[in-house]
Amino acid sequence: MATEAAPMDEKAKRMRDLLSSFYAPDPSISTGGSSINASFDNINSTSFDADQYMDLMIKKSNMEVLLQRHVQMAAEIKNLDTDLQMLVYENYNKFISATDTIKRMKSNIFGMEGNMDQLLQKIMSVQSRSDGVNTSLFEKREHIEKLHRTRNLLRKVQFIYDLPARLQKCIKSEAYGDAVRFYTGAMPILKVYGDTSFQECRRASEEAIEIIIKNLQTKLFSDSESIQARAEAAVLLKQLDVPVDSLKARLLEKLEQSLDGLQIKPEDASKLVEHNDSSKDEESNNQGPAKIHEDAVRGFSEAMRAYREIFPDSEERLFKLARALTTMHFENMELYIKKRVSAADFLGIFRIIWEDVVLMDEVLPEAALSDLSAEAAQVTLKQFVARTFSNLQQDISDTLLKFDINQKEIVDGEVLKVVLEASRKAVLQGTADIFQEFRQLLDESSGIFVKMKDFLVGWVQKGFQDFFRSLDAHFLVLSGKTSSSNETEGKSSEKIHAGLILVLAQLSVFIEQKVIPRITEEIAASFSGGNSQAFENGPAFIPGELCRVFHAASEKLLQHYIDTRTQKISVVLRKRFKTPNWIKHKEPREVHMFVDMFLQQLEEVGKEVKQILPQGTFRKHKRSDSNGSNTTTSSRSNTLHSDKMARSNSQRARSQLFETHLAKLFKQKVEIFTKVEFTQESVVTTVVKLCLKSLQEYVRLQTFNRSGFQQIQLDIQFLKAPLKETVEDEAAIDFLLDEVIVAASERCLDVIPLEPPILDKLIQAKLAKSKEHNNNTVPS
Amino acid sequence: MQGGSSGIGYGLKYQARCISDVKADTDYTSFLTGTLSLKEENEVHLLRLSSGGTELVCEGLFSHPNEIWDLASCPFDQRIFSTVFSTGESFGAAIWQIPELYGQLSSPQLERVASLDAHVGKINCVLWWPSGRCDKLISMDEQNIFLWNLDCSKKSAEVQSKDSAGMLHSLSGGAWSPHDVNAVAATGESSVQFWDLRTMKKVNSIERAHVRGVDYSPKREHTFITAEDESGIHIWDLRKAKVPVQSLPGHTHWTWSVKCNPEYDGLILSAGTDSAVNLWYASSSSTDEKASESPVASTRQRVNLLLNSYTDYEDSVYGLAWSSREPWVFASLSYDGRVVIESVKPFLPRLK
Chain X
1 MATEAAPMDE KAKRMRDLLS SFYAPDPSIS TGGSSINASF DNINSTSFDA DQYMDLMIKK
61 SNMEVLLQRH VQMAAEIKNL DTDLQMLVYE NYNKFISATD TIKRMKSNIF GMEGNMDQLL
121 QKIMSVQSRS DGVNTSLFEK REHIEKLHRT RNLLRKVQFI YDLPARLQKC IKSEAYGDAV
181 RFYTGAMPIL KVYGDTSFQE CRRASEEAIE IIIKNLQTKL FSDSESIQAR AEAAVLLKQL
241 DVPVDSLKAR LLEKLEQSLD GLQIKPEDAS KLVEHNDSSK DEESNNQGPA KIHEDAVRGF
301 SEAMRAYREI FPDSEERLFK LARALTTMHF ENMELYIKKR VSAADFLGIF RIIWEDVVLM
361 DEVLPEAALS DLSAEAAQVT LKQFVARTFS NLQQDISDTL LKFDINQKEI VDGEVLKVVL
421 EASRKAVLQG TADIFQEFRQ LLDESSGIFV KMKDFLVGWV QKGFQDFFRS LDAHFLVLSG
481 KTSSSNETEG KSSEKIHAGL ILVLAQLSVF IEQKVIPRIT EEIAASFSGG NSQAFENGPA
541 FIPGELCRVF HAASEKLLQH YIDTRTQKIS VVLRKRFKTP NWIKHKEPRE VHMFVDMFLQ
601 QLEEVGKEVK QILPQGTFRK HKRSDSNGSN TTTSSRSNTL HSDKMARSNS QRARSQLFET
661 HLAKLFKQKV EIFTKVEFTQ ESVVTTVVKL CLKSLQEYVR LQTFNRSGFQ QIQLDIQFLK
721 APLKETVEDE AAIDFLLDEV IVAASERCLD VIPLEPPILD KLIQAKLAKS KEHNNNTVPS
Chain H
1 MQGGSSGIGY GLKYQARCIS DVKADTDYTS FLTGTLSLKE ENEVHLLRLS SGGTELVCEG
61 LFSHPNEIWD LASCPFDQRI FSTVFSTGES FGAAIWQIPE LYGQLSSPQL ERVASLDAHV
121 GKINCVLWWP SGRCDKLISM DEQNIFLWNL DCSKKSAEVQ SKDSAGMLHS LSGGAWSPHD
181 VNAVAATGES SVQFWDLRTM KKVNSIERAH VRGVDYSPKR EHTFITAEDE SGIHIWDLRK
241 AKVPVQSLPG HTHWTWSVKC NPEYDGLILS AGTDSAVNLW YASSSSTDEK ASESPVASTR
301 QRVNLLLNSY TDYEDSVYGL AWSSREPWVF ASLSYDGRVV IESVKPFLPR LK
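As you go down the protein sequences, you meet chains X and H in turn. With UniProt numbering applied, the first sequence covers 1 to 780. With UniProt numbering applied, the second sequence covers 1 to 352.
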């Protein structure tokens, strides 16, 4: 049974597949079938082997299952059969309806061909009629066209015959444009037939045109005509084939010549500025030079505008001219600021130039005049800034040197003080002025300056930085501390008075403490910011660095002052120790005169210092009775000293050395070389200390006999009182004076000090003598 | 300024001015120094730095008849040296030989090789040629320069030639060029003069007053250094002797002596009467660039030039000597007779 069912199944499936390829497959049928068959090896597949299937089923299943399977399969086959029947029926139905439709179509198409033939016939008849109309009208139209052409020709001939008269009329009414138009219109005909039929006519019109050309040329050259008119004239001339280039060249030359008149000569510049101001006040009542200049430039630019319009191809030349004028302006400006110029004047000129540039720029925007002038202006402004600073430096150095003419006065009078005050003022006032000037520049709002503001700020900052640096260098050169690269200059600066070095030192302090902070403030107030470009390497103005520089400079200068002063005294001391033969010295009779010179030098130092430097905060109390108390102290110390001398004399030298060492230990190494401060006392003390140390060194280089030692002892003893008077650090002076005597005793073959009474007596004699000397000199 | 007492000290009995490196001693770092005492028995001390470099040992002690103003060790024989001495009234100069076996003698006597007794005035110094064996000697007094022929074996010294610098110049000291056996510099009252020994004529001069100490740079032929009373130290190029190449601030008081390091170019030592020894570094490159530098940069550099200041002295320092055997060691001598040996090794790396 199963074998029977299998081919049946096969057949139904093929049928169904065939149908479903024609129509959309009925999902209920296909899915139902497949779901049933899916449980077995696929019956639906093409490679289905019925025998195998059967074998498998028989082997696998028992009888009952097979029976069941049989029943099921039979049911399925039945199902499929009915499905197939339904499908066939349906197909048939559809086929019948299709046949009906075809039948209907056939009956409808029948009879259409007759209508079509009718239509074609009608169209043919329309075409033949229109052809008829065309041929009947052709002749008439031809005739009309011919007539029209003749009429045109006649009109042209008429025009040419009328041309001279027309031209004359145009000349009369100055309608040159029309005239030229007419003439150029008639030109081709005249060219062809001019020699034959229209000879008369051509001559007449050429004459007229000649007049027109002449008129046009005069019009072109006359400045009174409007630009429009002149431009028109030029255009007309060009249309008339008149050679315009030579005309252009002539005109431009004229323009070029006028450039000279436009120059702002350095000599006139200031005048120009003055008048510029005054003319503003008087409301241009007075035609000042500035006004004239402005008009001239206006005229120039107008002319340029005209030429530009007249000769569009001459732009290059005009550009060149305009640029030449601008650069000339700035060159003159540079010349002008070589002299001293205030910022106001500078601005005045600048404004004029800028106005000129703006005027020209309006006419020739392509010439990039504003760029050009911006560049030039930058350069000029930079120069101006630099020059202002160098002027300031010159001012300061002039103030310093102005007073140096009479050197003797310096010591006596208050000249140094005056110089210091004057130079201080010069620095302060100078920088203040500079700020004011630059602020003016900064406030200037004309176009070019707005762009340069950032640059200006940068320059001013850098300017100050450089200014102070060079001022520092200048101070050092002035002081002769560093010889300038120029050898001769270095020599001349050597002669500078020592006092002036002191002034420079104090001035450096002043700059460090007062001027630079002030400038820093000013810069922060009005010159801060600036363009980032200028600050690539940090801000240009570095007050900290400048302060350091001037601090160093002030110390260096002060040291230099002390050096030069001590050098001067050293000369005295050296001479004192080089000249006599100390080993054969005679008994001391009086205090040696080198002491006077030494004290005199110190006095000079004191006077100079007093004029320049402030008093120290620490001031030792003045002795009420300097003379009396001083002698007692000195004699006491002297006795002490001679005691020591005597003792050391008797003992062995080893112990003497030991003793001096011990003494030093107890005295504690007196700080001889302390830092110099900017006070009167400190400077004088330092000078004295250095000189006493020198004295000691000189003594150590000599060998003395008894009298030589006594002479030294006497001189030193005499020095004690006046030195203590002038010096703040008494302990150090005492120490140093003692050191000198110790040094002398060490270098002495036979140490026997003078008796205190004799010492006193000699000193008193010296005092009396100098007093008498003073009394003698003072009245005279 | 650190004043740390890193140095090795040694005390002389009396005051002293001069110390000299014993260049010929290749086994030890030794120095010779002599005392300056007007009234006592003067001594010459031969000092040796122990091998560890921690101790200064007195290797020999010799009595010297007079106070010693100048002392120089012979550069090719460690036992020979010269002194300039004074009796107070008169000056003399002599060449001495340290006796052999001095260690075994209880009180060894110096052997006088020769007396340089042609001088009339105050003798300043005796110079040996620093660069090697040379049987010539130079001695200077205030007016004259003498060139001697020294024959150690014959124990004699003869004047080969002499020249007078003139009354006005008043010579005070000098230096013999290590580069040229015929070139000698002498310091005078108002200038430094350069002599050619072949012709005994002045060939050059630096117009500079009050020069205390001079030295030739052993490494650079034309470099010359002067120390002045008030105006510090100057470095010169002898080919352009008008303007100094470089200036160092020197000392608070006089700069007494300057010495170039024998090995490290640009390392300069100066001693001053402000009881200090300063160690400077003046590089040659900085001298070339100096002109183009901004003032700020140069001041900054000037600060850097001073490598160290040794301030551990009680008195003026007059004697100063580099060791040629250990060129980073120097000996300094202050007037109170204290010898201090210091090493500059900590500063050498900074030179680069």
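All residues carry an ideal CB built from backbone N, CA and C; glycine is no exception.
Interface residue (Cβ-Cβ distance to chain H less than 8 Å): X/T685 is not classified as such. For the set X/D241, X/E232 and X/A322, the Cα lying nearest the Cα of X/Q257 is the one of X/A322.
Nearest C-alpha to X/L428 among X/A376, X/I171 and X/Q513: X/Q513. Under the Cβ distance rule, H/D141 does not count among the residues neighbouring chain X, no pair being separated by less than 8 Å. DSSP links H/C260 through a beta bridge to H/I268. Between the region 80-96 of chain H and the region 51-61 of chain H, the count of Cβ pairs shorter than 8 Å is below three; the stretches do not touch.
In the DSSP annotation of this structure, the continuous segment of the alpha helix (DSSP H) that includes X/K610 starts and ends at F594 to I612. DSSP places X/A74 inside the alpha helix (DSSP H), whose first and last residues are M63 to I109. Excluding its 5 nearest sequence neighbours in each direction, H/W322 has C-beta neighbours in its own chain below 6 Å: K259, N261, P262 and F330, listed in chain order. Between X/Y561 and X/I569, the alpha-carbon positions lie close to 12 Å from each other.
For H/S172, there is no enclosing beta strand (DSSP E), as DSSP marks it with neither H nor E. The alpha-carbon of X/L476 is positioned some 11 Å away from that of X/R469. Put simply, the backbone Cα of H/V44 is about 42 Å away from that of X/K556. Neighbourhood of X/D563 in chain H, by CB distance below 8 Å: E230 and S231, in chain order. Between X/E587 and X/S707 the beta-carbon gap is near 5 Å, inside 8 Å, which marks them as a contact. A straight-line Cα-Cα distance of about 55 Å links X/M124 and X/Y193. Using a Cβ-Cβ cut-off of 8 Å, H/L306 does not count as an interface residue toward chain X, since no Cβ of chain X sits closer than that to its own. About 25 Å separates the beta carbon of H/F76 from that of H/A16, a gap too long to meet the 8 Å contact definition. CA-to-CA, the gap between X/D55 and X/S45 works out to about 18 Å. In chain order, I353, S373, A376, A377, V379 and T380 place their CB closer than 8 Å to the CB of X/F330, counting only its own chain and leaving out the 5 sequence neighbours on each side.
Of H/I19, H/H222 and H/G9, the smallest CA-CA separation from H/S257 is found for H/I19. A contact is defined here as three or more CB-CB pairs under 8 Å, and the region 137-150 of chain H meets this definition with respect to the region 190-210 of chain H. Between X/H592 and X/D472, the CB-CB gap reaches or exceeds 8 Å. With respect to the C-alpha of H/L38, the residue from H/L49, H/K219, H/I68 and H/H222 having the closest C-alpha is H/I68. Shown here, X/M112 sits in a helix according to DSSP, grouped into three states. In this structure, the CA atom of X/Q567 is about 7 Å from the CA atom of H/E230. Between the region 593-609 of chain X and the region 234-248 of chain H there are fewer than three inter-stretch CB-CB distances shorter than 8 Å, so the stretches are not counted as touching.
In this structure, the beta-carbon distance from X/F319 to X/F346 does not fall below 8 Å.
With a threshold of 16 other beta carbon atoms within 10 Å, X/P757 falls short and is exposed.
Per DSSP, X/Q615 is not a residue of any beta strand (DSSP E), being assigned neither H nor E.
Annotated as distal: X/L240 and X/I211, with beta-carbon spacing of 8 Å or more. Contact between the region 150-157 of chain H and the region 169-186 of chain H is not established, with fewer than three Cβ pairs separated by less than 8 Å.
Burial state of X/P753 is buried, judged by a 10 Å Cβ sphere holding 16 or more other Cβ atoms. Annotation for H/D163: no alpha helix (DSSP H) segment contains it, though the beta strand (DSSP E) segment containing it runs S156 to S164. In the three-state reduction of the DSSP assignment, H/E89 falls in the coil class. Across the region 242-268 of chain H, CB contacts with chain X closer than 7 Å involve K242, V243, T252, H253 and W254, in sequence order along the chain.
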